[in-house]
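For reference, the structure discussed in these notes is given below.
2 protein chains.
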Amino acid sequence: MTDLLRAIHDIVGKGGVLTGTDVSSRASGIWRPQGIEAQAIVRPRSTEEVSGILAMCNAAGQSVVAHGGLTGLVEGAVTESGDLALSLERMNAIEEVNAVERTMTVQSGVVLEAVQNAAEDVGLMYPLDIGGRGSCTVGGNIATNAGGNRVIRYGMTRDMVLGVEAVLADGTVVSSMNRMIKNNAGYDVKQLFIGSEGCLGVVTRAVLRLREKPRSQETMLVACRSFDEIVELLKLMDAKLGGTLSAFEVLWNNFYRLVTTPPATQKPPLSQDYPYYALIEAMGGDPEGDHDRIEQAASEGYDAGLIADAVIASSEAQRLELWAMRDDVEQVHQYSPMFIFDVSLRISKMESYVAEVNRRLEETFGDYVNFTFGHIGDGNIHFGTSAGEGPEAQDGVKRAVYEPLESIGGSVSAEHGVGLDKKKYLKLSRNDAEIALMRTLKKALDPNGILNPGKVFDLAA
Amino acid sequence: MTDLLRAIHDIVGKGGVLTGTDVSSRASGIWRPQGIEAQAIVRPRSTEEVSGILAMCNAAGQSVVAHGGLTGLVEGAVTESGDLALSLERMNAIEEVNAVERTMTVQSGVVLEAVQNAAEDVGLMYPLDIGGRGSCTVGGNIATNAGGNRVIRYGMTRDMVLGVEAVLADGTVVSSMNRMIKNNAGYDVKQLFIGSEGCLGVVTRAVLRLREKPRSQETMLVACRSFDEIVELLKLMDAKLGGTLSAFEVLWNNFYRLVTTPPATQKPPLSQDYPYYALIEAMGGDPEGDHDRIEQAASEGYDAGLIADAVIASSEAQRLELWAMRDDVEQVHQYSPMFIFDVSLRISKMESYVAEVNRRLEETFGDYVNFTFGHIGDGNIHFGTSAGEGPEAQDGVKRAVYEPLESIGGSVSAEHGVGLDKKKYLKLSRNDAEIALMRTLKKALDPNGILNPGKVFDLAA
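Protein chains in written order, with the working numbering: chain A, 1 to 461; chain B, 1 to 461.
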């Protein structure tokens, strides 16, 4: 053990510093079976301990990578052998659930599902919901500004976090634990720590905004004959369902066929011959009236010629089956190598963009699959793409997906973040001045560059 | 004219630099009849001109204060005789309204009402709405993260701005004109310019998020017998009206009496004898069904014992009358001197906080009025307070309102910002580490301190 690790051990006590096989026996990510490489995993129990650790690491120029649930998909928490991993796993307390104020105060290592359940226990809802719910942490959600299926209604993590406590690289604790929806007293410094992937500070605590639990949840799957119909239908549903529209998920034909054909377990609720399908959900306040309302919305869509066919879930079991179909993304792993993308772009550019990506995949690889689906209400498309073999294939696929975004102002990351995985492509979505400003922030808050070094962009231009 | 002004004149051309009585004949604010004091008012026509001006001013150490519609209430855009006022009034173009993508791209000097109207023209809505709509600008809305009546449904300006272009103190143009709801490609640098009161950059353009225009608007006024009933009723309405609840405005008895008694023009729709009234609005998608829905919500409130009496607007005229009553805030100017406050705090602390403010006013002044109302769904209380005379009175009133916020984690500014007016009280709502981090940002982005100097906090700790 180095002197630094011994000093850190004095702060965190027994069990607080893991080394050797206690480190390497842990998987380094949800789809990364390889073990963690790091000098040590440090497991503080309090903000004060995080502060002490960072102050020492900063003085020693020791790199530190914060670890939440390691469910990220962009190599945003990957460590090298010289790094310290700072795991928040022992800081997972739910400190307060306040049903009257509709807030929850937590330590950042708490698992998302625990937060969802604690909200549910008092008749409320924490609306963030993503596939990693069982192991991802609130700290990781904040660091990546996590999105998910309900962004169209409730926004991203940035919109659900009222207050944040973070420790800066030098150990300074910035406790900005605001509990109000409105607070314009000075710059809103908590925004710095949301979506900056652990590069500007380590989030230790947060105040989350809870919502009233919907009294009804109505779901339908519709088929459309063209992408123009999808675009019009989104506007119609948004207007007709008022503020209750909570999901507008589009499945391109290839993805719909994939998740409704064995070995997938769901049967196709509608013919597999339409080019597009939309899974539409409304969360309302009127269990008696809301089913009629979504039926009316469907018939308005029919009458406007925007819906070719539709099925409205008439039971909770049927509703869950529709979602199980949409969420059966694992089916893409029938193909290997498989690359998952989360890009965002303007809805008016989507049809031609997807065609261009497919044209490039065809041109480069001849043989390829590119399953396409996404949260179209938010401008977010996912691809599950497989073509070719080996590292060149990966690079070719990424270029086919990312390069056409540049000219249309699209983003290489709608919600997963940049990490190491997309660092090379960041400049397609952000201009030099934006990246220079990110660097200015990084240098101002972490002048020694100890926090999650090398992620998102390089410190030197 | 100084050399610097001559050089700026070369950039902005004829009519671009105002001096002398062209400056002093302009009012320095909406409730500030005194003329503007400044070396000059500079009126660029483009981002490039703003960039050129700031580069020169930065090199010369010349202070610059950006001017929008000057409707702010916290002395956030006040100038001194040595300052340059940088008015965005000639940068008021609406560059694009995109009904399909539901975005509007504007120059920052555009007036809010023009944006609202342009959205309306294509069947959409820009949800920000505040009293200054006829003269406030989008740039000012962004600089102050403006709120208003519909925050409970649509959020504050921060939630309505997809992209921002700003010019840094040294003239660097940071164009972060994102057009998507989701974009996690690197740090979200636009957040820096929202709510930082023109201290970190001059906002020159923005991409605004438009919403579907509600098809129905249902409004009711209810009377409650206790603040506990108000708290319960908010939760009930939020759950029952699903995502359609768009306003939950509470009027304390003294404010209700004021705006329903001559010289106010509205008659009391409900008896003046209840301690609290709530004006509740839902914006929905179903003109046929939504009136029934708010009636059902009201009856659920009655049945739960939370509503003592209620009136539901049955016509657009009646709806507008209810709002005219709530919005007749000018009535507070029957008293002088009159101080307007916008604090925020947790709903569970409101009743005791208002009592404590009144206790302090009584103790300090004996004779006082403290009209109380606000956007309670967002934690925001407004006071219209009059007590005593002269500068000591002002200080005494401010202390009575602000000081009790410190121990309960309230904010001295829910939505108006800090400016010069609340600078002295910022430390009641933000701790030393938060203010130190604000200073770090200010120094990193504006090292010479030329942008809106002296506002929000002092550069030296």
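All residues carry an ideal CB built from backbone N, CA and C; glycine is no exception.
Please read all numbers here as calculations on a predicted model, not as lab measurements.
Name the chain A residues whose beta carbon is nearer than 7 Å to that of residue i?
{"i": "residue 214 of chain B", "result": "242"}
{"i": "residue 429 of chain B", "result": "185"}
{"i": "residue 400 of chain B", "result": "Under the 7 Å cutoff, chain A gives no residues; its nearest Cβ is about 18 Å from residue 400 of chain B."}
For the candidate residues the options, whose alpha-carbon lies nearest to that of residue i?
{"i": "residue 67 of chain A", "options": "A:49, A:73, A:25 and A:139", "result": "A:139"}
{"i": "residue 457 of chain A", "options": "A:342, A:236, A:317 and A:200", "result": "A:200"}
{"i": "residue 313 of chain B", "options": "B:255, B:322 and B:236", "result": "B:322"}
{"i": "residue 147 of chain B", "options": "B:223, B:368 and B:416", "result": "B:416"}
{"i": "residue 276 of chain A", "options": "A:300, A:224, A:359 and A:332", "result": "A:224"}
{"i": "residue 96 of chain A", "options": "A:121, A:80, A:85 and A:88", "result": "A:121"}
{"i": "residue 3 of chain B", "options": "B:23, B:40, B:167 and B:278", "result": "B:40"}
{"i": "residue 36 of chain B", "options": "B:65, B:188 and B:169", "result": "B:65"}
{"i": "residue 418 of chain A", "options": "B:113, B:74, B:187 and B:251", "result": "B:187"}
Mind checking which residues open and close the alpha helix (DSSP H) that includes residue i?
{"i": "residue 364 of chain B", "result": "350-365"}
{"i": "residue 48 of chain A", "result": "47-60"}
{"i": "residue 325 of chain A", "result": "316-326"}
{"i": "residue 302 of chain A", "result": "290-303"}
{"i": "residue 5 of chain B", "result": "3-12"}
{"i": "residue 23 of chain B", "result": "21-24"}
Who are the Cβ neighbours of residue i in its own chain at under 8 Å, not counting the five residues just before and after it?
{"i": "residue 389 of chain B", "result": "337"}
{"i": "residue 161 of chain B", "result": "142, 190, 194, 206, 207, 208 and 209"}
{"i": "residue 436 of chain A", "result": "461"}
Run through chain A and tell me which residues come within less than 9 Å of residue i, C-beta to C-beta.
{"i": "residue 7 of chain B", "result": "What residue 7 of chain B touches in chain A: nothing, since even the nearest Cβ is about 24 Å away."}
{"i": "residue 156 of chain B", "result": "181, 182 and 184"}
{"i": "residue 196 of chain B", "result": "186, 187 and 188"}
Check for me: the beta strand (DSSP E) holding residue i runs from which residue to which?
{"i": "residue 312 of chain A", "result": "309-312"}
{"i": "residue 344 of chain A", "result": "339-344"}
{"i": "residue 32 of chain B", "result": "32-35"}
{"i": "residue 385 of chain A", "result": "380-387"}
{"i": "residue 372 of chain A", "result": "368-375"}
{"i": "residue 64 of chain A", "result": "64-67"}
Can you name the residues of chain B whose CB is closer than 8 Å to the CB of residue i?
{"i": "residue 144 of chain A", "result": "184"}
{"i": "residue 444 of chain A", "result": "440, 441, 443 and 444"}
{"i": "residue 378 of chain A", "result": "180, 181 and 182"}
{"i": "residue 283 of chain A", "result": "242 and 243"}
{"i": "residue 426 of chain A", "result": "185 and 186"}
Interface residues of chain A around residue i at Cβ under 8 Å?
{"i": "residue 435 of chain B", "result": "186"}
{"i": "residue 463 of chain B", "result": "Only positions 1 to 461 of chain B appear in the structure, and residue 463 of chain B is not among them; the question remains open."}
{"i": "residue 101 of chain B", "result": "346, 347 and 348"}
{"i": "residue 286 of chain B", "result": "240, 242, 293 and 296"}
{"i": "residue 457 of chain B", "result": "186"}
{"i": "residue 272 of chain B", "result": "Result: empty, since nearest Cβ-Cβ is about 28 Å, beyond 8 Å."}
Give every residue of the same chain whose Cβ lies closer than 6 Å to the Cβ of residue i, excluding the five residues on either side of it in the sequence, and list them in chain order.
{"i": "residue 33 of chain A", "result": "27"}
{"i": "residue 290 of chain B", "result": "216, 218 and 284"}
{"i": "residue 116 of chain A", "result": "126"}
{"i": "residue 382 of chain B", "result": "342, 373 and 374"}
{"i": "residue 90 of chain B", "result": "43 and 45"}
{"i": "residue 368 of chain B", "result": "361 and 387"}
{"i": "residue 306 of chain A", "result": "229, 232 and 233"}
{"i": "residue 71 of chain B", "result": "30, 132, 135 and 136"}
{"i": "residue 63 of chain B", "result": "83, 450 and 453"}
So with CB distances below 9 Å, who are the chain B contacts of residue i?
{"i": "residue 24 of chain A", "result": "Those within 9 Å of residue 24 of chain A in chain B number zero; the least Cβ separation is about 30 Å."}
{"i": "residue 174 of chain A", "result": "431, 433, 434, 436 and 437"}
{"i": "residue 62 of chain A", "result": "Within chain B, no residue comes near residue 62 of chain A; the closest Cβ sits about 22 Å away, beyond 9 Å."}
{"i": "residue 413 of chain A", "result": "182, 183, 184, 185 and 186"}
Beta-carbon within less than 7 Å of residue i's beta-carbon, same chain only, minus the 5 sequence neighbours each way: which residues are those?
{"i": "residue 377 of chain A", "result": "152, 234 and 248"}
{"i": "residue 179 of chain A", "result": "101, 103, 162, 163 and 207"}
{"i": "residue 393 of chain A", "result": "337 and 387"}
What I want to know is whether the C-beta of residue i ends up closer than 6 Å to one or more non-hydrogen atoms of the ligand NAD.
{"i": "residue 1 of chain A", "result": "Although the ligand NAD was asked about, the structure shown includes no ligands whatsoever."}
Strictly below 7 Å CB to CB, what residues from chain B border residue i?
{"i": "residue 235 of chain A", "result": "212"}
Segments assigned beta strand (DSSP E), at least 3 residues, entirely inside the segment 209-285 of chain A: 216-224, 245-252 and 276-284
Length at least 4, wholly inside the segment 394-432 of chain A: the alpha helix (DSSP H) runs in chain order: Counting only runs of 4+ residues, the alpha helix (DSSP H) found wholly inside the segment 394-432 of chain A occupies 426-429, in chain order.
Segments of 3+ residues assigned as beta strand (DSSP E) that fall wholly inside the segment 155-216 of chain B: 161-167, 173-176 and 202-209
4-residue-minimum alpha helix (DSSP H) runs that sit fully inside the segment 94-150 of chain B, ordered along the chain: 112-121 and 138-144
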